[in-house]
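Here the structure is laid out as structure tokens; the discussion comes afterwards.
Residue numbers (this note's numbering): 4 to 160.
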């Protein structure tokens, strides 16, 4: 059994969790518990995927994005989550599905936000090409994409 992951079997939309090849783009999915070290584990999964798929230049923005999305589940949703990493022709797709229906809240930067909390979606917005969320039965999926042509994340706020 993996230390934080519960399974590497079926992804949220029925795809196999193991990396797939052929007409289907490479996909990695993993279920995680909402525990303190889940973000670090998710960063390791994303880093490994970027390196195996020949995209070392995407490690920094992808690791930042997945870390923030997973941290939001740990801090706010408190539910089992599934991370999904998909290598598409034009971009890397990163998603975290959880069991909460509350939408993610992107806060504006101001002096009332403590320097350690409340800035995760601002960082996601800065590092990602696009981001958003979708509802499904039993929860939501927060997703982000990073262009495969992007070398580094944009300047941080």
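Heads up, the beta-carbon is just placed ideally off N, CA and C, and yes, glycines get one too.
{"Asked": "Let me make sure I understand the geometry here. Which of 124, 91, 80 has the alpha-carbon closest to that of residue 143?", "Found": "80"}
{"Asked": "Can the beta-carbon of residue 83 be found closer than 8 Å to that of residue 57?", "Found": "no"}
{"Asked": "Quick one: what does DSSP say residue 40 is sitting in, helix, strand or coil?", "Found": "coil"}
{"Asked": "Name the one or two DSSP bridge partners that residue 133 has.", "Found": "148"}
{"Asked": "Roughly how many angstroms separate the alpha carbons of residue 30 and residue 124, rounded to a whole number?", "Found": "24 Å"}
{"Asked": "Using three-state DSSP, classify residue 101 as helix, strand or coil.", "Found": "strand"}
{"Asked": "So for residue 60, helix, strand or coil by DSSP?", "Found": "helix"}
{"Asked": "Could you check if residue 54 is buried or exposed, using at least 16 other CB atoms within 10 Å of its CB as the buried criterion?", "Found": "exposed"}
{"Asked": "Are the CB atoms of residue 126 and residue 71 within a distance shorter than 8 Å?", "Found": "yes"}
{"Asked": "Could you give the DSSP three-state label for residue 140: helix, strand or coil?", "Found": "coil"}
{"Asked": "In this structure, what does DSSP give as the bridge partners for residue 30?", "Found": "89"}
{"Asked": "Look up residue 95 in the DSSP assignment and give the residues it is bridged to.", "Found": "90, 149"}
{"Asked": "Less than 6 Å between C-beta atoms, sequence neighbours within five positions excluded: which residues of the same chain meet that for residue 109?", "Found": "124"}
{"Asked": "Under three-state DSSP, which class holds residue 77?", "Found": "helix"}
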